[in-house]
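Chemist: Sharing a structure, written as structure tokens. Questions coming.
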Amino acid sequence: MPVYEYFCRQCKEPFTEVMSVKEHDEKLPRCPKGHETKEVEKRISTVNAVTTRKSVTY
Numbered sequence: 319m320p321v322y323e324y325f326c327r328q329c330k331e332p333f334t335e336v337m338s339v340k341e342h343d344e345k346l347p348r349c350p351k352g353h354e355t356k357e358v359e360k361r362i363s364t365v366n367a368v369t370t371r372k373s374v375t376y
């Protein structure tokens with residue numbers, strides 16, 4: 319499952335959430351300290367993909 323990064327404007331701390339793509343599209347999470355979702359903003363981050371296939375160089 320993807321890990322998404324967020325930032326709470328009220329407590330001024332970043333946090334991460336593990337959720338499915340569907341969950342991510344439907345709602346914003348609450349801050350871990352209990353602040354409202356309206357205080358939470360999405361952050362843009364890098365993406366890491368892990369696969370079981372070995373890379374092949376041509």
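Going letter by letter, the sequence shown gives residues 319 to 376 in this note's numbering. Beta carbons: idealized from backbone N, C-alpha and C, even for Gly.
With Glu331 as the anchor, note down where its beta strand (DSSP E) starts and where it stops.
Modeler: Glu331 -> beta strand (DSSP E) spans Glu331 to Val336.
Chemist: Under the three-state reduction of DSSP, which class applies to Glu344: helix, strand or coil?
Modeler: helix
Chemist: Who are Cys326's beta bridge partners in DSSP?
Modeler: Glu331 and Val358
Chemist: Going by C-alpha to C-alpha distance, which of Thr364, Thr370 and Pro350 sits closest to Cys329?
Modeler: That would be Pro350, whose Cα lies nearest to the Cα of Cys329.
Chemist: Between Phe325 and Glu359, is the Cβ-Cβ spacing less than 8 Å?
Modeler: yes
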